[in-house]
Structure formats: structure tokens, C-alpha cells
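Same order as they appear, the protein sequences are chains A and B. To convert, note that position 144 of the first sequence is 144 in my numbering; the numbers rise steadily by one, no gaps. Quick note: to get my numbering, add 1000 to the position in the second sequence (first position is 1). Beta carbons: idealized from backbone N, C-alpha and C, even for Gly.
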Amino acid sequence: MSDRAPEVAFAGVSLRYPNGVQALDNVTFSVPAGSICALMGGSGSGKTTLLKLVNRMERTSVGEVCLDGRPVESSDAVALRRSIGYVIQEGGLFPHWSAERNVGLVPRLLGCDQCTSDDLVTGAMEMARIPRAEFGHRRPDQLSGGQRQRVAIARAIAARPRLLLLDEPFGALDPAIRAEMQDELRALVKRLGCTVILVTHDIAEAFAVADQIVLIDRGRLVQIGSPVEIALTPSDAVAAAFTAKQALELRLRYLRLADVALHLPTSSGDGSAELAGERTIADALGALARISGERFTVLHQGKRLGPFERRAVWDLLQRGAA
Amino acid sequence: MTWTEFLAAHADDLLWRSGEHVALCVATLAAACLIALPLGVWLTRLPRAAGTVLGLCSVIQTVPSLALLGFLMVLTGRIGWVPSVLALFLYALLPILRNTIVGLGTTPPPVRQAAIALGMTADQVLWQVSLPLAMPVVVAGLRTAAVWTIGTATLCAFIGAGGLGVFINRGIETVDARMVLLGVVPAAALALAVDALFAWSGRRLTPLGGT
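Next comes the structure, spelled out in C-alpha cells:
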């Protein structure tokens, strides 16, 4: 793999197991280089299978998966896997190894000398906020669930891969720690500049972390879009069902004013109040309640969007929500 | 003759027969380890064949020891070490083989999956992950095999392989309880000592017990 984050493309991917089960059915989409993509679906939807196609833990029956246009099947499986970071739900840490030995796995497999490997381990543990000095010598059973996942993340990023595959990395954590880890993860991978594919069954996690969400149901791609598109313009009833239960919460917490502004009808007249586009809807609601007059404009990247009717925001929040 | 006089009179013989007994057991266990450990590792990749081989070993276990010794004596046309080591070896196979296969099968699936996903080869997964994690179970198998072998080896005296069974044999023939005990007590002590040794090394080799 090159030094830059790769684009991952799934082209007409189908997978049928020998027992006749169709795990994936003609799935086509691509993950832009350097972006975070969440594969979202219920259990048995095929999201983990899709992830495993990327590092050749599974093989397609039809179609191919390409990294920067190069089919993964043309790479040596072991070399490919060493170039890709991987985290699974239970962490999959080796219980008989210390945290630092776990983190140093891939650098060692790649044949890094002791010194380089040491630096990589210290750096990765620092980035995953599990300092080596304090936690390096502990074995996984001497760490909490959250700390173990930090070690698993440090292990995945130790050799500085340009692609990260995360299979429900926070599934086993309690909600407070999960939210904290989601924020950190997003900041971390943006800093590293990796392409990330994240499997999750938690729509809120997808909204919190991803640039792009892929909805999968029974092996088929239902919709692909940004969080705002998934929330506000579901492609059909199946797509709408993914967000229905938490529709209001998702829109309030994860959508920003600038995102939704594109979906608001502009009104005539002047907007006297200006609101920053970076604000979440929940954050903006208070300000909207206090403005004088019925209209407002949104400031986003130096541009003024609008004016919009204040009412339009309430209408948008209610649209399609259960 | 007091116990002390009895022991003094048989000290040289006891030492010699103990040596024979230990040699018989060591040869058997070495052969069993050399065959059963690699076979067990290999069979984990062939689950169906593993079932057949384990079944076969279980059948061997059901044959009474004395009958197996007699049968092998006839089959090989020899007495002494050859049929004895062969019989003990066949008995020792099952616990070592079974525990190796079971132990290697206990690697937690997420650990195995992570190992492969991060780019370990099949051999690296085996040597660095599965085997160390299986060690306590494998050692427990060796322990069982060792204790069985030491006990059963006393029977080998019946087909001329020597060892501590010679005293038991002689004691039975002359209806001398002291002579029987001269074979039984050291054999039992040896079994207990070896059992303790394996228990200790099992703890040492338990990957979660040390750093």
C-alpha cells in the first residue's frame, strides 16, 4: 500500500456460502481516501463480512474489492493484512502478552528493529491515550474494558497503517465510555489521515464517527450517504427504519446547522439573526428561541446561507420522525 | 528380619530396579511426546481425522494392561523392553493427544481472528498464540500420561522388562507382603513426585501465571 490513505471500492460484490446462504448481494460503493465510513446494519446483515473482504479474511463469489483501483486478491494476504489496522469488538488482545507486546505485534511482524518498534509502540500508546509507562507492562486481564480497547486501537495503528478496519470496536463498552472513545477515535484517525471502515449496529455511533454511512440489510445495500442525508432524505422505508427510533435525537445531537441549512426552504425578507453553521441543532435551538423576529441566517465558511424561517427548523426536526 | 535390615539387604537391588523403572517410563514418555504432540498439532487442522484417531486411542485404553502386554509380546515375538515400551506408549498416547487437541482448540475466537487479521501466518498463530495458551492443558495431559505410565510400568515385570514390578512379582510368588511393598511404595512415591513436578511446571508454563 502506498504512503497515502487508499480509496476502498466495492464493485458488484456478492458472496454466497457453500450452504447456499447469500451473505452479500451485488454491493457497490466506494469509500473516499481519508474518510470514515460506517457500515451499519442489523446482525446477520453482512456488514462484518463486507469488512472482512477488504483484508481477505473472506473472499467474494462475484465482484471485487479494490484499494486504489488494485484488487485485494492480487496482493499477498499476509502482507496485505500487515498493512491494514484491525480492531474487533472484544479487542482480541493476546491474553498472555503484556499491553506493549500486543501493541508491538505488527512492527515485529514487519521486521522493524527493536528501536523503531519501541518508538512505534510508545507513539501508538500515546495516541490511543493509554500511556506506555503506566499500562505497558500490564496484561489484558489487568486492564478495564475501555483500556483494553485503547490497547487494541494502539495495536491497530502501531505500524501506521493507512487503512483501518474496525469491527464494532466499542460494542462491549458502557455508553459513557463508548461516547468518549468515539470522539477520540474520530479525532485520532483524522490526525493520522487514514481511511477507516467501521462496522456498527448502533446508528448513533455511525452518526458520531462517520463521514459516510452505508446502510445494509440482508446483504443488500440500502442507502449510502452522509449522516445528514441518511437522517433527512432516507431512500425508502427500509432506510427510514434505521433512523426512525432515534430520529429526533440523531438530528439534534449530530447534525450541524450548516448541514441542515441545505435542506431548509429559504424565505423572502431579511434574517436579522446570524447563527454559526458549526453549531449542532440541539445547541442552536436555544439561540433560535431567543432571536427577535421569525427569520435567521446561517454563517458557514465565510458564506451567509438563508434567510430561513425559524419554523422550518421545527418542521425539519419532525419530518419522518417517529 | 527387621524393616531396616530388609531394606539394607535389598538396597542395591532397589536402586537398580528403580533405575530400570525410570528408564522404562522416560523412554515411553519421550516416544509418546515425540509422536503425540506433533500429531495433536497436526490433527487440529483435520477435525474429522482427529475424531477417528482419538476414537482409536480410546479403544486402546479399554484393553486391559496385562492383556495388551501379552498380546504385544506375542505380536513382536519378544519379551522385555520392546513390547513393554510399545504397550506403555500406546496407553500414553491418548491423554497427550487428547489434551493437545483440546488445548489448541481453546484459543478464544476473537484472539485467533485478530492474530490472522493483523497478518500472522498460520505457523506464527500456532507457536506464538495457540500453543502458549494451550500449555496448561497440554501439560495436564503429560501429567496424566506420566502418572499412568509409572503405575502401569510395574506390570512390565511380568514380561521381563524389569523395573519395580519385579519386587511385586516376587512378593506375590513368595507371599511376602514386605516384598510387594518394596515395589509398590517407591512406584507410588515416584508417581507422586512426577505428578508434583508436572503440577509445578504446569504453573510455570501457564501464560497467565507469569509475565
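Approximately 4 Å separates the beta-carbon atoms of PRO1083 of chain B and LEU1072 of chain B; this is inside 8 Å, confirming the contact. The Cβ atoms of LEU221 of chain A and VAL31 of chain A lie no closer than 7 Å to each other. Residues of chain B with a Cβ closer than 8 Å to the Cβ of ASN19 of chain A do not exist; the shortest Cβ-Cβ separation is about 17 Å. Straight-line spacing of the CA atoms in LEU1075 of chain B and LEU1093 of chain B works out to 19 Å. For the segment 256 to 283 of chain A, the continuous alpha helix (DSSP H) assignments of 4+ residues that do not extend past its boundaries occur at 257 to 261, in sequence order. Contacts with chain A (Cβ-Cβ distance below 9 Å) from the segment 1109 to 1125 of chain B involve PRO1109, PRO1110, VAL1111, ARG1112, GLN1113, ALA1114, ALA1115, ILE1116, ALA1117, LEU1118, GLY1119, MET1120, THR1121 and GLN1124, listed in chain order.
Rounded to whole angstroms, the separation of the alpha carbons of GLU134 of chain A and LEU1133 of chain B is 25 Å. Residue contact with chain B for HIS263 of chain A: absent (no Cβ-Cβ distance below 7 Å to any residue of chain B). According to the DSSP assignment, ARG59 of chain A belongs to no alpha helix (DSSP H), since it is labelled neither H nor E.
The straight-line gap separating the alpha-carbon atoms of ASN1169 of chain B and GLU1020 of chain B is approximately 15 Å.
With a contact defined as Cβ atoms closer than 8 Å, ASP217 of chain A and GLY41 of chain A qualify at about 6 Å. Under the DSSP assignment, PRO169 of chain A falls outside any beta strand (DSSP E); it carries neither an H nor an E label. When the alpha-carbon of ALA1031 of chain B is set against those of B:LEU1086, B:THR1002 and B:TRP1003, the nearest one is in B:LEU1086. DSSP places CYS37 of chain A within a strand segment (E or B) once states are collapsed to three. By DSSP's assignment, GLU309 of chain A forms a beta bridge with A:ARG295. In its chain, beyond the 5 residues on either side, LEU248, ARG251, LEU252 and ILE281 have a beta carbon closer than 8 Å to the beta carbon of LEU317 of chain A. The Cβ-Cβ distance between SER14 of chain A and SER61 of chain A falls below 7 Å.
Below the 7 Å Cβ cutoff, chain A contributes HIS96 as neighbours of PRO1132 of chain B, in chain order. For the segment 47 to 105 of chain A, the continuous beta strand (DSSP E) assignments of 3+ residues that do not extend past its boundaries occur at 62 to 67 and 84 to 88, in sequence order. In this structure, DSSP gives GLN212 of chain A an extended state, which the three-state scheme calls strand. Partner residues in the beta bridge of ALA11 of chain A, as assigned by DSSP, are A:GLU64. For a Cβ distance threshold of 7 Å, residue set PHE94 of chain A lies close to VAL1129 of chain B, ordered along the chain.
Contact between LEU164 of chain A and VAL196 of chain A holds: CB atoms are separated by about 5 Å, below the 8 Å threshold. THR1106 of chain B sits away from VAL1138 of chain B, with the two beta carbons spaced by 7 Å or more. The Cβ neighbour count for MET1179 of chain B, taken over all protein chains shown within 10 Å, is at least 16; the residue is labelled buried. If you look at PHE29 of chain A, you'll find it in the beta strand (DSSP E) that goes 22 to 31. According to the DSSP assignment, VAL199 of chain A belongs to the beta strand (DSSP E) that extends over 195 to 200. Looking at the DSSP output, LYS303 of chain A bridges to A:HIS300. In its chain, beyond the 5 residues on either side, THR116, SER117, LEU120, VAL121, ALA158 and ALA159 have a beta carbon closer than 8 Å to the beta carbon of PRO107 of chain A. In the DSSP assignment, GLY123 of chain A falls within the unbroken alpha helix (DSSP H) covering 114 to 127.
Contact annotation, VAL214 of chain A with ILE224 of chain A: C-beta distance approximately 5 Å; criterion of less than 8 Å satisfied. Within the segment 45 to 70 of chain A, contact with chain B at the beta-carbon level (separation under 9 Å) is assigned to LYS52, ASN55 and MET57. In this structure ARG139 of chain A touches PRO95 of chain A by the C-beta definition: roughly 7 Å separates them, less than 8 Å. Contact of ARG218 of chain A with chain B is not assigned, every C-beta pair being separated by 7 Å or more.
The shortest C-alpha to C-alpha distance from ARG311 of chain A to any of A:GLY277, A:GLY92, A:THR266 and A:ILE203 is the one to A:THR266. Per DSSP, ARG162 of chain A is not a residue of any beta strand (DSSP E), being assigned neither H nor E.
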